[in-house]
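S.K.: Numbering (the working numbering), first residue to last: 12 to 237. All residues carry an ideal CB built from backbone N, CA and C; glycine is no exception. I have a structure here, written as C-alpha coordinates, and I will follow up with some questions on it.
Right, here's the structure in full:
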(Lines of atoms letter the chains of each structure in order from A and count residues from 1; the text may use other names and numbers.)
(Lines give C-alpha, C1' and ligand atoms only; values in the text may rest on other atoms or scores of the structure.)
Protein backbone atom coordinates (compact mmCIF):
# COMPACT_ATOMS: atom_id res chain seq x y z
CA UNK A 1 0.00 0.00 0.00
CA UNK A 2 1.65 3.26 -1.09
CA UNK A 3 1.83 6.44 1.00
CA UNK A 4 -1.01 8.22 -0.80
CA UNK A 5 -3.36 5.26 -0.36
CA UNK A 6 -2.47 5.03 3.32
CA UNK A 7 -3.17 8.74 3.84
CA UNK A 8 -6.51 8.48 2.05
CA UNK A 9 -7.44 5.44 4.14
CA UNK A 10 -6.52 7.20 7.39
CA UNK A 11 -8.44 10.31 6.34
CA UNK A 12 -11.58 8.32 5.53
CA UNK A 13 -11.23 6.30 8.72
CA UNK A 14 -11.02 9.47 10.78
CA UNK A 15 -14.00 11.01 8.99
CA UNK A 16 -15.99 7.91 9.92
CA UNK A 17 -14.72 8.11 13.48
CA UNK A 18 -15.52 11.78 13.95
CA UNK A 19 -18.98 11.62 12.39
CA UNK A 20 -19.95 8.79 14.74
CA UNK A 21 -18.37 10.30 17.84
CA UNK A 22 -19.88 13.77 17.70
CA UNK A 23 -23.58 13.79 16.86
CA UNK A 24 -26.18 12.87 14.31
CA UNK A 25 -27.16 16.54 14.02
CA UNK A 26 -25.34 18.45 11.29
CA UNK A 27 -24.09 21.93 12.15
CA UNK A 28 -22.18 23.68 9.39
CA UNK A 29 -19.40 26.24 9.53
CA UNK A 30 -21.47 28.64 7.47
CA UNK A 31 -20.23 31.24 5.00
CA UNK A 32 -18.17 33.40 7.37
CA UNK A 33 -16.79 31.44 10.29
CA UNK A 34 -14.50 33.16 12.79
CA UNK A 35 -11.39 31.62 14.29
CA UNK A 36 -10.92 32.74 17.89
CA UNK A 37 -7.36 32.76 19.23
CA UNK A 38 -7.90 33.75 22.87
CA UNK A 39 -4.47 35.37 22.72
CA UNK A 40 -3.35 38.21 24.93
CA UNK A 41 -0.14 39.87 26.03
CA UNK A 42 0.34 39.95 29.83
CA UNK A 43 2.92 42.74 29.40
CA UNK A 44 0.55 44.79 27.25
CA UNK A 45 3.40 45.44 24.82
CA UNK A 46 2.44 43.94 21.45
CA UNK A 47 -1.30 43.71 22.08
CA UNK A 48 -3.84 43.90 24.89
CA UNK A 49 -3.14 42.39 28.31
CA UNK A 50 -6.52 40.65 28.30
CA UNK A 51 -8.33 38.58 25.69
CA UNK A 52 -11.27 40.12 23.88
CA UNK A 53 -14.56 39.29 25.60
CA UNK A 54 -16.64 36.81 23.64
CA UNK A 55 -19.69 39.03 23.98
CA UNK A 56 -17.90 41.69 21.90
CA UNK A 57 -17.33 39.45 18.87
CA UNK A 58 -19.40 40.22 15.75
CA UNK A 59 -21.92 37.48 16.52
CA UNK A 60 -24.28 38.37 13.67
CA UNK A 61 -21.53 37.99 11.08
CA UNK A 62 -19.68 35.01 12.60
CA UNK A 63 -21.69 32.02 11.40
CA UNK A 64 -19.62 29.76 13.69
CA UNK A 65 -16.37 29.76 15.66
CA UNK A 66 -13.16 27.80 15.16
CA UNK A 67 -10.54 27.16 17.81
CA UNK A 68 -7.10 25.58 17.41
CA UNK A 69 -7.37 23.17 19.06
CA UNK A 70 -6.87 19.66 20.40
CA UNK A 71 -4.63 16.72 19.54
CA UNK A 72 -4.33 13.01 20.20
CA UNK A 73 -1.09 11.84 21.80
CA UNK A 74 0.88 8.67 21.05
CA UNK A 75 -1.23 6.84 23.65
CA UNK A 76 -4.53 8.29 22.33
CA UNK A 77 -5.08 10.85 25.08
CA UNK A 78 -6.90 14.02 24.01
CA UNK A 79 -4.98 17.13 25.02
CA UNK A 80 -4.89 20.83 24.11
CA UNK A 81 -2.52 21.29 21.19
CA UNK A 82 -0.58 24.23 22.59
CA UNK A 83 -1.37 25.09 26.21
CA UNK A 84 -3.54 24.07 29.15
CA UNK A 85 -5.05 27.56 28.92
CA UNK A 86 -6.72 26.38 25.72
CA UNK A 87 -9.11 24.23 27.76
CA UNK A 88 -10.39 27.36 29.50
CA UNK A 89 -10.92 29.07 26.15
CA UNK A 90 -12.64 26.01 24.68
CA UNK A 91 -14.97 25.78 27.67
CA UNK A 92 -15.81 29.48 27.40
CA UNK A 93 -16.46 29.20 23.67
CA UNK A 94 -18.69 26.13 23.93
CA UNK A 95 -20.65 27.85 26.70
CA UNK A 96 -20.95 30.97 24.52
CA UNK A 97 -22.02 29.27 21.30
CA UNK A 98 -23.33 25.90 20.12
CA UNK A 99 -21.47 26.36 16.82
CA UNK A 100 -17.86 25.79 17.86
CA UNK A 101 -15.47 23.70 15.76
CA UNK A 102 -12.13 22.48 17.08
CA UNK A 103 -9.04 21.83 14.99
CA UNK A 104 -8.03 18.25 15.68
CA UNK A 105 -4.99 16.29 14.64
CA UNK A 106 -2.38 13.71 15.46
CA UNK A 107 1.35 14.17 15.57
CA UNK A 108 3.33 12.79 12.65
CA UNK A 109 4.55 9.75 14.59
CA UNK A 110 0.97 8.65 15.25
CA UNK A 111 -0.12 9.09 11.63
CA UNK A 112 2.62 6.79 10.35
CA UNK A 113 2.64 4.28 13.21
CA UNK A 114 2.06 0.60 12.46
CA UNK A 115 -0.15 0.48 15.56
CA UNK A 116 -2.43 3.29 14.40
CA UNK A 117 -5.39 1.02 13.63
CA UNK A 118 -5.06 -0.74 16.99
CA UNK A 119 -5.64 2.54 18.83
CA UNK A 120 -8.61 3.84 16.85
CA UNK A 121 -11.27 2.59 19.30
CA UNK A 122 -9.38 3.97 22.30
CA UNK A 123 -9.02 7.30 20.54
CA UNK A 124 -12.74 7.35 19.73
CA UNK A 125 -13.70 6.69 23.36
CA UNK A 126 -11.32 9.35 24.68
CA UNK A 127 -12.57 11.80 22.10
CA UNK A 128 -16.19 11.13 23.07
CA UNK A 129 -15.39 11.74 26.74
CA UNK A 130 -13.64 15.00 25.87
CA UNK A 131 -16.57 16.21 23.78
CA UNK A 132 -19.00 15.31 26.55
CA UNK A 133 -17.18 17.87 28.70
CA UNK A 134 -16.43 20.34 25.90
CA UNK A 135 -19.41 20.01 23.52
CA UNK A 136 -18.04 21.20 20.19
CA UNK A 137 -20.26 21.07 17.11
CA UNK A 138 -17.56 19.49 15.00
CA UNK A 139 -13.89 18.79 14.46
CA UNK A 140 -11.63 19.97 11.65
CA UNK A 141 -8.86 17.52 10.78
CA UNK A 142 -5.47 19.19 10.50
CA UNK A 143 -2.40 18.24 8.51
CA UNK A 144 -4.32 16.54 5.71
CA UNK A 145 -3.17 19.18 3.21
CA UNK A 146 0.51 18.94 4.20
CA UNK A 147 2.47 17.54 1.25
CA UNK A 148 6.04 16.34 1.08
CA UNK A 149 6.99 19.60 -0.66
CA UNK A 150 6.28 21.42 2.60
CA UNK A 151 9.11 19.52 4.22
CA UNK A 152 11.48 18.88 1.32
CA UNK A 153 11.10 21.96 -0.87
CA UNK A 154 10.25 24.73 1.58
CA UNK A 155 11.49 28.08 0.33
CA UNK A 156 9.09 30.60 1.84
CA UNK A 157 10.74 33.63 3.39
CA UNK A 158 7.87 34.55 5.66
CA UNK A 159 4.45 33.28 6.72
CA UNK A 160 3.11 36.83 7.04
CA UNK A 161 2.00 39.27 4.39
CA UNK A 162 0.59 42.77 4.47
CA UNK A 163 -2.95 43.20 3.16
CA UNK A 164 -4.84 46.33 2.21
CA UNK A 165 -8.40 47.16 1.24
CA UNK A 166 -7.84 45.89 -2.32
CA UNK A 167 -6.37 42.52 -1.35
CA UNK A 168 -9.02 41.97 1.34
CA UNK A 169 -11.69 42.59 -1.29
CA UNK A 170 -9.95 40.26 -3.76
CA UNK A 171 -9.95 37.48 -1.16
CA UNK A 172 -13.67 37.92 -0.59
CA UNK A 173 -14.34 37.80 -4.33
CA UNK A 174 -12.21 34.65 -4.65
CA UNK A 175 -14.15 32.98 -1.82
CA UNK A 176 -17.47 33.91 -3.44
CA UNK A 177 -16.42 32.45 -6.78
CA UNK A 178 -14.71 29.27 -5.64
CA UNK A 179 -15.77 28.40 -2.09
CA UNK A 180 -18.83 27.76 0.04
CA UNK A 181 -17.46 30.14 2.67
CA UNK A 182 -14.32 31.19 4.48
CA UNK A 183 -12.82 31.35 7.98
CA UNK A 184 -11.60 34.68 9.34
CA UNK A 185 -8.45 34.00 11.33
CA UNK A 186 -7.94 35.41 14.86
CA UNK A 187 -11.13 37.46 14.92
CA UNK A 188 -10.31 38.63 18.45
CA UNK A 189 -6.95 40.19 17.51
CA UNK A 190 -8.60 43.34 16.26
CA UNK A 191 -8.48 47.11 16.42
CA UNK A 192 -10.16 47.36 19.83
CA UNK A 193 -9.14 50.98 20.28
CA UNK A 194 -10.25 51.85 16.71
CA UNK A 195 -6.77 53.31 16.17
CA UNK A 196 -7.04 52.72 12.43
CA UNK A 197 -9.85 55.25 12.21
CA UNK A 198 -11.93 53.09 9.87
CA UNK A 199 -15.34 54.51 10.75
CA UNK A 200 -15.12 53.06 14.25
CA UNK A 201 -15.05 49.50 12.90
CA UNK A 202 -13.02 47.23 15.18
CA UNK A 203 -13.29 44.36 12.69
CA UNK A 204 -12.55 46.34 9.52
CA UNK A 205 -10.49 43.70 7.68
CA UNK A 206 -13.08 41.00 8.43
CA UNK A 207 -15.87 43.21 7.13
CA UNK A 208 -13.88 44.10 3.99
CA UNK A 209 -13.69 40.43 3.06
CA UNK A 210 -17.31 39.79 4.07
CA UNK A 211 -18.59 42.66 1.90
CA UNK A 212 -16.74 41.26 -1.11
CA UNK A 213 -18.08 37.77 -0.40
CA UNK A 214 -21.61 39.18 -0.27
CA UNK A 215 -21.01 41.10 -3.53
CA UNK A 216 -21.25 44.51 -1.87
CA UNK A 217 -19.31 47.66 -2.74
CA UNK A 218 -15.72 47.65 -1.51
CA UNK A 219 -15.37 49.14 1.95
CA UNK A 220 -12.54 51.70 2.08
CA UNK A 221 -10.33 53.19 4.77
CA UNK A 222 -7.37 55.57 4.43
CA UNK A 223 -5.32 53.47 6.83
CA UNK A 224 -5.88 50.39 4.64
CA UNK A 225 -4.92 51.95 1.32
CA UNK A 226 -2.59 49.90 -0.86
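#1: Inspect the beta-carbon positions of residue 187 and residue 223 and report whether they are closer than 9 Å.
#2: Give the DSSP-derived three-state secondary structure of residue 180 in the structure shown.
#3: Is the beta carbon of residue 183 less than 9 Å from the beta carbon of residue 100?
#4: Where residue 232 and residue 198 are concerned, what is the direct C-alpha to C-alpha distance, given to the nearest angstrom?
#5: From this set, 176, 226, 207, which residue's C-alpha is nearest residue 236's C-alpha?
#6: Grouping DSSP H, G and I as helix and E and B as strand, with all else coil, what is residue 162?
#7: Evaluate residue 148 with the Cβ neighbour count: other Cβ atoms within 10 Å of its Cβ, from every protein chain shown; 16 or more gives buried, anything less gives exposed.
#8: Which residues in the same chain as residue 51 place their Cβ atom closer than 8 Å to its Cβ, once the five residues preceding and following it in sequence are excluded?
#9: Once DSSP output is grouped into helix, strand and coil, what is the label at residue 112?
#10: Below 7 Å CB to CB, which residues in the same chain sit around residue 203 once its five sequence neighbours on both sides are set aside?
#11: Tell me the DSSP secondary structure of residue 206 in three-state form.
#12: For the candidate residues 229, 216, 234, whose alpha-carbon lies nearest to that of residue 72?
#13: Using a threshold of 8 Å, is the CB atom of residue 96 nearer than that to any non-hydrogen atom of the ligand HEM?
#14: Could you tell me which residues DSSP pairs with residue 150 in its beta bridges?
#15: Does the Cβ of residue 67 have 16 or more other Cβ atoms within 10 Å, making it buried, or fewer, making it exposed?
#16: Can you name, in chain order, every residue of its own chain whose Cβ lies under 7 Å from the Cβ of residue 88, other than the five neighbours on each side?
#17: In the DSSP assignment, find the alpha helix (DSSP H) that holds residue 222 and state where it starts and stops.
#18: Helix, strand or coil for residue 189, going by three-state DSSP, please let me know.
#19: Thinking C-beta only, is residue 74 closer than 9 Å to residue 41?
#20: Suppose contacts are defined by Cβ-Cβ distances below 9 Å. Is residue 114 in contact with residue 151 by that definition?
#21: Sorted by chain position, which residues of the same chain lie with C-beta nearer than 8 Å to residue 185's C-beta, five sequence neighbours on each side aside?
#22: May I have the straight-line CA-CA distance separating residue 43 from residue 54, to the nearest angstrom?
M.R.: Reading it off the structure:
#1: Position 176 of the chain shown holds residue 187. Position 212 of the chain shown holds residue 223. A contact, by the Cβ cut-off of 9 Å.
#2: Start at 1 with the first residue of the chain shown, and residue 180 comes out as number 169. Here residue 180 sits in helix by DSSP.
#3: Along the chain shown, read from residue 1 onward, the residue named residue 183 stands at position 172. Along the chain shown, read from residue 1 onward, the residue named residue 100 stands at position 89. When the beta-carbon positions are compared, residue 183 and residue 100 stay at least 9 Å from each other.
#4: By 1-based counting over the chain shown, the position of residue 232 is 221. By 1-based counting over the chain shown, the position of residue 198 is 187. Cα-Cα distance, rounded: 19 Å.
#5: Position 225 of the chain shown, counting from 1, holds the residue named residue 236. Considering only alpha carbons, the answer is 176.
#6: Along the chain shown, read from residue 1 onward, the residue named residue 162 stands at position 151. With a pLDDT of 48 at residue 162, under the threshold of 50, the modelled position of this residue cannot be trusted; read the value that follows with caution. DSSP places residue 162 in helix when its eight states are reduced to three.
#7: As a working note, residue 148 is residue 137 in the chain shown. Buried: at least 16 other Cβ atoms inside 10 Å.
#8: As a working note, residue 51 is residue 40 in the chain shown. Take residue 51, set aside five residues on each side of it, and the residues of its chain with a beta-carbon closer than 8 Å to its own are 58, 59, 60, 61, 62, in chain order.
#9: Your numbering for residue 112 matches position 101 in the chain shown. In this structure, residue 112 counts as strand in the three-state DSSP scheme.
#10: In the chain shown, the residue the question calls residue 203 occupies position 192. Excluding sequence neighbours, residue 203 sits near 59, 63, 213.
#11: Locating residue 206 in the chain shown gives position 195, where the first residue counts as 1. Reduced to three states, the DSSP call for residue 206 is coil.
#12: Looking up residue 72 in the chain shown gives position 61. That would be 216, whose Cα lies nearest to the Cα of residue 72.
#13: With respect to the ligand HEM, the structure shown offers nothing to examine, as it has no ligands at all.
#14: Against the chain shown, residue 150 aligns to sequence position 139. DSSP, once it has assigned bridges, lists 113 as partnering residue 150.
#15: Within the chain shown, the letter at position 56 stands for residue 67. Taking all protein chains shown into account, residue 67 has fewer than 16 neighbouring C-beta atoms within 10 Å of its C-beta and is therefore exposed.
#16: The residue labelled residue 88 in the question sits at position 77 within the chain shown. So the qualifying residues of the chain are 137.
#17: Position 211 of the chain shown, counted from the first residue, corresponds to residue 222. 215–224 is the span of the alpha helix (DSSP H), which, as asked, contains residue 222.
#18: As a working note, residue 189 is residue 178 in the chain shown. Reduced to three states, the DSSP call for residue 189 is helix.
#19: In the chain shown, the residue the question calls residue 41 occupies position 30. In the chain shown, the residue the question calls residue 74 occupies position 63. Yes, these two residues count as a Cβ contact at 9 Å.
#20: The residue you call residue 114 lines up with position 103 of the chain shown. The residue you call residue 151 lines up with position 140 of the chain shown. Yes, these two residues count as a Cβ contact at 9 Å.
#21: Start at 1 with the first residue of the chain shown, and residue 185 comes out as number 174. Contacts found: none.
#22: Here residue 43 is taken as the residue at index 32 of the chain shown, counted from 1. Here residue 54 is taken as the residue at index 43 of the chain shown, counted from 1. Cα to Cα, the separation comes out at about 32 Å.
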